[in-house]
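Q: The structure follows.
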């Protein structure tokens, strides 16, 4: 009988500690998720962290992805690559030049 009672107390303590840790982590860490349509697909980013940091971090990542999509999209009239392909406009964007140099090194 003592062993059964001791086992019950042990299980209860483990359960309460686990519950406490979970509640603490829910308070401390926030799960944020944002989705945007870009690059001809839906892009979803999940972030876990302090509530005041997750949304700005996701926004920065999605904004950067949008910049890359705009710059490198061959079907976007605002893209230097589109201008080069359709009008022969020289590409002066350093980021595009760097990617082309890297591609030539790999090829």
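Numbering (our numbering), first residue to last: 1 to 107. Cβ atoms here follow ideal geometry from the backbone N, Cα and C, with glycine treated the same way.
Enumerate in chain order the residues of its own chain whose CB-to-CB distance from residue 93 is below 8 Å, with the five nearest sequence positions on each side excluded.
A: Only 71 and 80 meet the Cβ criterion.
Q: Quick one, are the C-beta atoms of residue 48 and residue 29 less than 7 Å apart?
A: Cβ distance < 7 Å, so residue 48 and residue 29 count as in contact.
Q: What residue range does the alpha helix (DSSP H) around residue 81 cover?
A: Note, residue 81: alpha helix (DSSP H), 80-87.
Q: Which of the three DSSP states, helix, strand or coil, is assigned to residue 1?
A: In this structure, residue 1 counts as coil in the three-state DSSP scheme.
Q: Can residue 34 and residue 58 be called in contact, C-beta distance under 7 Å?
A: Yes, these two residues count as a Cβ contact at 7 Å.
Q: Where does residue 54 land, buried or exposed, given buried means 16+ other C-beta within 10 angstroms?
A: Buried: at least 16 other Cβ atoms inside 10 Å.
Q: Look at the Cβ atom of residue 60, then the Cβ atom of residue 45, and state whether they are nearer than 7 Å.
A: Result no, Cβ atoms of residue 60 and residue 45 do not sit closer than 7 Å.
Q: Quick check on the DSSP output: the beta strand (DSSP E) that includes residue 29 runs from which residue to which?
A: No beta strand (DSSP E) contains residue 29, which DSSP labels as neither H nor E.
Q: Check whether the Cβ atoms of residue 66 and residue 87 lie closer than 7 Å to each other.
A: No; because the gap between Cβ atoms is not below 7 Å, this pair is not in contact.
Q: Leaving out the 5 sequence neighbours to the left and right, which residues in its chain are closer than 7 Å to residue 97 when beta-carbon positions are compared?
A: So the list reads 91, once near-sequence residues are dropped.
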